[in-house]
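Residue numbers (the working numbering): 859 to 1039.
Even glycine gets a Cβ: it sits at the ideal position worked out from N, Cα and C.
Quick notes on the structure that follows.
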């Protein structure tokens, strides 16, 4: 198994476990049960995003939080993970991970983090989640929050009305702390 690269405490960048390419194309294993301890899959999502799209920054409120494994399966995205755990030395800080469909890298995002991405090209992204999505718990932080300061490469993104109107971090009662799971 490939060793995960720590981003934040708990969030990791995962190299493919096995990748084989030949004249037919590519086969890769991106995850197995022992890749991330205590992570199991209850739900799988796919999203298609046009070039220039920004999605996020999303999280689910307790008790409906989700840990997720994110993988770009086609195209190219700049994936963003923001630490929302009060008491963490990386609270309100972000990590960026460049994901390409032809590289096989995945990102594990535990509970307590917000997630989003900028679709650099037309892209398909898959999300493996450890719990079933609960729409009533769906929350987020504004993509261009000045207190977080993500240097997005797109100034006028394609973005949903919902995401464009998410609150700023300073206006949110943060539901996570370092003592949470």
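How long is the line joining the alpha carbons of residue i and residue j, rounded to whole angstroms?
| i | j | result |
| --- | --- | --- |
| residue 995 | residue 1017 | 20 Å |
| residue 979 | residue 1022 | 20 Å |
| residue 862 | residue 964 | Bear in mind that the predicted position of residue 862 carries a pLDDT of just 48, short of 50, making it unreliable; the figure below should be weighed with that in mind. C-alpha separation (whole angstroms): 10 Å. |
| residue 859 | residue 916 | Low confidence applies to residue 859: its pLDDT is 35, below 50, so where it sits in the model is not reliable, and the reading given next is rough at best. Near 29 Å, if we compare the C-alpha coordinates of residue 916 and residue 859. |
| residue 894 | residue 950 | 24 Å |
| residue 1039 | residue 896 | Per-residue confidence for residue 1039 stands at a pLDDT of 48, beneath the threshold of 50, marking its modelled position as unreliable; no derived number is given. |
| residue 876 | residue 933 | 20 Å |
| residue 1046 | residue 903 | Lying outside 859 to 1039, the shown extent of the chain, residue 1046 is not represented and no answer is given. |
| residue 872 | residue 958 | 13 Å |
Can residue i and residue j be called in contact, C-beta distance under 8 Å?
| i | j | result |
| --- | --- | --- |
| residue 997 | residue 886 | no |
| residue 1036 | residue 907 | no |
| residue 1033 | residue 1000 | no |
Does DSSP classify residue i as helix, strand or coil?
| i | result |
| --- | --- |
| residue 1022 | helix |
| residue 995 | helix |
| residue 1029 | helix |
| residue 881 | coil |
| residue 910 | coil |
| residue 1039 | Low per-residue confidence applies at residue 1039: pLDDT is 48, beneath 50, and the placement is therefore not dependable enough to give any value. |
| residue 903 | strand |
| residue 982 | strand |
| residue 861 | The predicted model places residue 861 with a pLDDT of 44, which falls under 50 and marks its position as unreliable, so this point remains unresolved. |
| residue 928 | strand |
Between residue i and residue j, which are expected to be in contact by the criterion C-beta below 8 Å, what is the C-beta distance as a whole number of angstroms?
| i | j | result |
| --- | --- | --- |
| residue 985 | residue 891 | The pair is not a contact, with the Cβ atoms about 18 Å apart (cut-off 8 Å). |
| residue 967 | residue 928 | 6 Å |
| residue 1003 | residue 1027 | 5 Å |
| residue 948 | residue 937 | Not really, about 16 Å apart at Cβ, beyond 8 Å. |
| residue 976 | residue 1015 | 7 Å |
| residue 973 | residue 939 | 6 Å |
Mind listing, in chain order, the continuous beta strand (DSSP E) runs of no fewer than 3 residues lying wholly within the region 943-967? 952-958 and 964-967
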